[in-house]
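Structure first, then comments.
Protein chains: 2
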Amino acid sequence: MTGTRPFKHALDRLQQAGLRPTRQRLALARLLFDKVDRHITAEQLHAEAVDAEVQVSLATVYNTLHQFTDAGLLREVVVEAGRSYFDTNTSDHHHFFFEGNGNLQDIPGESVTVAHFPAAPAGTRVARVDVIIRLAPEEA
Amino acid sequence: MTGTRPFKHALDRLQQAGLRPTRQRLALARLLFDKVDRHITAEQLHAEAVDAEVQVSLATVYNTLHQFTDAGLLREVVVEAGRSYFDTNTSDHHHFFFEGNGNLQDIPGESVTVAHFPAAPAGTRVARVDVIIRLAPEEA
DNA sequence: AATTAATTTAGAAATATTCTAAAATGTTTT
DNA sequence: AAAACATTTTAGAATATTTCTAAATTAATT
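These protein sequences, in sequence, are chains A and B.
Numbered per my numbering, the first sequence spans residues 4 to 143.
Numbered per my numbering, the second sequence spans residues 4 to 143.
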């Protein structure tokens with residue numbers, strides 16, 4: 004399918020999210036979702052778009068990333084002050100974070116068990132449980 | 004003790020960390036450690052210092068927070084893009100994060116069990132495991 | 001085709017943090 | 001205690017990331 008109707012997949016995602024299929028959103032959706040899952044920053048996605056000769060401003064990349072996140076198509080991952088990663092894997096999972104180089108790697112949800120944590124305080128509900136395993140280079 | 008030798012505690016911490024006891028570091032150490040554990044940003048600490056008529060620049064507050072963190076006197080907590088909290092509780096523990104108001108609350112280490120996660124990739128070691136339980140307002 | 005609503009855009013603004021190099025302070029040596 | 005040296009502090013500039021603004025464009029509806 005992918006070769007024959009290259010926009011179908013991206014279009015479906017936008018419709019599912021109730022977002023107008025504009026040229027920019029379609030192009031960004033293709034860049035984001037038509038490949039293996041990954042973690043990307045707004046700057047990186049903008050650079051990819053420019054590279055692919057998609058005309059889109061950085062402001063629109065930010066808008067779109069947030070709209071996709073609100074729609075559940077992306078997940079925002081915060082592990083470093085001053086930089087947001089957007090994760091195309093929205094399933095239940097966790098992360099390895101390499102402090103050395105800032106690299107992020109998924110850990111499947113089944114591979115980690117978070118057991119018996121306290122109940123959410125009154126008036127709140129658990130929106131998500133993030134487990135970040137921070138890795139440092141092994142010492143010699 | 005605290006009333007009679009108010010700088011002793013802060014001084015001990017600096018010496019333990021191998022940091023010269025300058026006027027600014029002493030004052031910031033007192034503001035940070037001579038009260039109950041909490042989470043504070045650089046701006047907030049600077050405001051407290053100004054309030055307490057401690058003359059210190061924001062740059063020094065940043066320097067000091069990082070030096071204290073490197074020395075293990077503080078722990079940096081990243082839960083929101085673009086803002087760092089410094090936690091005076093350096094023991095093994097986790098956090099509730101209230102997405103509504105940006106509030107952070109400690110969860111004692113014993114209250115959460117993170118079971119059987121994958122081994123650290125070759126060449127790395129686990130520096131820390133962060134569990135962040137994100138809370139949203141309960142819907143009506 | 002005209003109207004309306006949503007989206008995109010460049011550039012400015014806001015926010016948080018780091019950098020720079022000079023001045024001040026603390027430490028060690030004489 | 002003065003001189004010499006090293007460390008720290010500082011203001012302000014610089015950087016980085018993100019958000020805002022208002023005008024222009026594009027998409028959807030009539």
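Glycine included, every Cβ here is placed at the ideal spot set by N, Cα and C.
For this session: Note the first and the last residue of the continuous beta strand (DSSP E) segment covering H97 (chain B).
Result: Position 94 of the second sequence, counting from 1, holds the residue named residue 97 (chain B). According to the DSSP assignment, H97 (chain B) belongs to the beta strand (DSSP E) that extends over 96-101.
For this session: Quick one: which residues of the segment 31-52 of chain A get their C-beta closer than 9 Å to a C-beta of chain B? List them in chain order.
Result: Of all residues in the segment 31-52 of chain A, none has a Cβ within less than 9 Å of some Cβ in chain B.
Problem set entry | Buried or exposed by the 16-neighbour rule on C-beta atoms within 10 Å, applied to S87 (chain A) | Residue numbering aside, residue 87 (chain A) sits at position 84 when the first sequence is read from its first letter. Only buried fits S87 (chain A), as 16 or more other CB atoms lie within 10 angstroms of its CB.
Exercise. What is the rounded straight-line gap between the Cα of T7 (chain B) and the Cα of T25 (chain B)?
Worked result: For the purposes of this step, residue 7 (chain B) is identified with residue 4 of the second sequence, where counting begins at 1. For the purposes of this step, residue 25 (chain B) is identified with residue 22 of the second sequence, where counting begins at 1. For T7 (chain B), the predicted structure reports a pLDDT of 45, less than 50, and the residue's modelled location is therefore unreliable. The matter cannot be settled from this model.
For this session: With 8 Å as the threshold, decide whether the Cβ of G126 (chain B) is near any Cβ in chain A.
Result: Here residue 126 (chain B) refers to the residue found at position 123 of the second sequence. Yes, G126 (chain B) counts as interfacial toward chain A.
Exercise. What residue does the alpha helix (DSSP H) around E83 (chain A) start on, and which one ends it?
Worked result: For the purposes of this step, residue 83 (chain A) is taken as residue 80 along the first sequence, with counting starting at 1. For E83 (chain A), no alpha helix (DSSP H) segment is defined; the enclosing uninterrupted segment is the beta strand (DSSP E) at 78-83.
For this session: Figure out for me which residue from B:T116, B:T127, B:T91 has the closest Cα to the Cα of D37 (chain B).
Result: Locating residue 37 (chain B) in the second sequence gives position 34, counting from the first residue. Per the Cα distances, B:T91.
Exercise. Applying a beta-carbon distance threshold of less than 9 Å, which residues of chain A neighbour P24 (chain B)?
Worked result: Translated into the one-based positions of the second sequence, residue 24 (chain B) becomes position 21. Close partners of P24 (chain B) in chain A (Cβ separation under 9 Å) are lacking, with about 28 Å as the shortest Cβ gap.
Problem set entry | For A123 (chain B) and L107 (chain A), believed in contact at Cβ under 8 Å, the rounded distance | Residue numbering aside, residue 107 (chain A) sits at position 104 when the first sequence is read from its first letter. Residue numbering aside, residue 123 (chain B) sits at position 120 when the second sequence is read from its first letter. About 14 Å; that fails the 8 Å criterion.
Exercise. Quick one: does the C-beta of D90 (chain A) sit closer than 7 Å to a heavy atom of the ligand ATP?
Worked result: Here there are no bound small molecules, and the ligand ATP is not part of this structure.
Exercise. Using a Cβ cut-off of 8 Å, which residues of the segment 68-88 of chain B contact any Cβ in chain A, in chain order?
Worked result: Listed by position along the chain: E79, V81, V82, E83, A84, G85, R86, S87.
For this session: Kindly indicate which residue of B:Y65, B:E46, B:V129, B:E141 has the alpha-carbon position closest to the one of H102 (chain A).
Result: In the first sequence, counting from the first residue as 1, residue 102 (chain A) sits at position 99. Looking at the sequence shown, residue 102 (chain A) is not His but Glu. Out of B:Y65, B:E46, B:V129, B:E141, B:V129 has the C-alpha closest to the C-alpha of E102 (chain A).
Exercise. In terms of residue numbering, what span does the alpha helix (DSSP H) encompassing A22 (chain A) cover?
Worked result: As a position in the first sequence, residue 22 (chain A) is number 19, starting the count at 1. Before going on, a small fix: residue 22 (chain A) reads as Leu here, not Ala. Counting along the chain, L22 (chain A) falls outside any alpha helix (DSSP H), and DSSP gives it neither H nor E.
Exercise. Where do the N-terminal and C-terminal ends of the beta strand (DSSP E) with V159 (chain A) fall, by residue?
Worked result: The structure shown does not extend to residue 159 (chain A), since chain A is modelled only from 4 to 143, so the question has no answer here.
Exercise. Mind checking R16 (chain B): buried by the 16 CB within 10 Å criterion, or exposed?
Worked result: Here residue 16 (chain B) refers to the residue found at position 13 when the second sequence is read from its first residue. A buried status is given to R16 (chain B), since no fewer than 16 other beta-carbon atoms sit within 10 Å of its beta-carbon.
Exercise. Does the Cβ-Cβ distance between A32 (chain A) and T116 (chain B) come in under 8 Å?
Worked result: Numbered from 1 along the first sequence, position 29 holds the residue referred to as residue 32 (chain A). Numbered from 1 along the second sequence, position 113 holds the residue referred to as residue 116 (chain B). Result no, Cβ atoms of A32 (chain A) and T116 (chain B) do not sit closer than 8 Å.
Problem set entry | Own chain partners of H49 (chain B) with C-beta closer than 6 Å, once the 5 adjacent residues on each side are dropped | As a first step, residue 49 (chain B) is located in the second sequence; it is residue number 46 there, counting from the start. When the five nearest sequence neighbours on each side are left out, the beta carbons in the same chain lying within less than 6 Å of the beta carbon of H49 (chain B) are those of L61, V64, in order along the chain.
Exercise. With burial defined as no fewer than 16 other Cβ atoms inside 10 Å of the residue's Cβ, what is the status of D133 (chain A): buried or exposed?
Worked result: Along the first sequence, one-based indexing puts residue 133 (chain A) at 130. Per the 10 Å Cβ criterion, buried.
Exercise. Mind checking whether F100 (chain B) and I135 (chain B) have CB atoms under 8 Å apart?
Worked result: In the second sequence, residue 100 (chain B) corresponds to position 97, counting from 1. In the second sequence, residue 135 (chain B) corresponds to position 132, counting from 1. F100 (chain B) is a Cβ neighbour of I135 (chain B), given a cutoff of 8 Å.
Problem set entry | Best match in B:E142, B:G126, B:E141 for proximity to E140 (chain A) [C-alpha to C-alpha] | One-based indexing of the first sequence puts residue 140 (chain A) at position 137. At residue 140 (chain A) the sequence reads Pro, which differs from the Glu that was named. Closest option to P140 (chain A), Cα to Cα, is B:G126.
Exercise. Where E83 (chain B) and A84 (chain A) are concerned, what is the direct C-alpha to C-alpha distance, given to the nearest angstrom?
Worked result: The residue given as residue 83 (chain B) occupies position 80 in the second sequence. The residue given as residue 84 (chain A) occupies position 81 in the first sequence. Roughly 8 Å between the two C-alpha positions.
Problem set entry | N-terminal and C-terminal residue of the beta strand (DSSP E) that N145 (chain B) is part of | Nothing can be reported for residue 145 (chain B): it is not among the residues displayed for chain B, which extend from 4 to 143.
Problem set entry | Reference A30 (chain B); option with closest CA among B:D40, B:D109, B:V57, B:K11 | Here residue 30 (chain B) refers to the residue found at position 27 of the second sequence. Comparing Cα positions, the closest option is B:V57.
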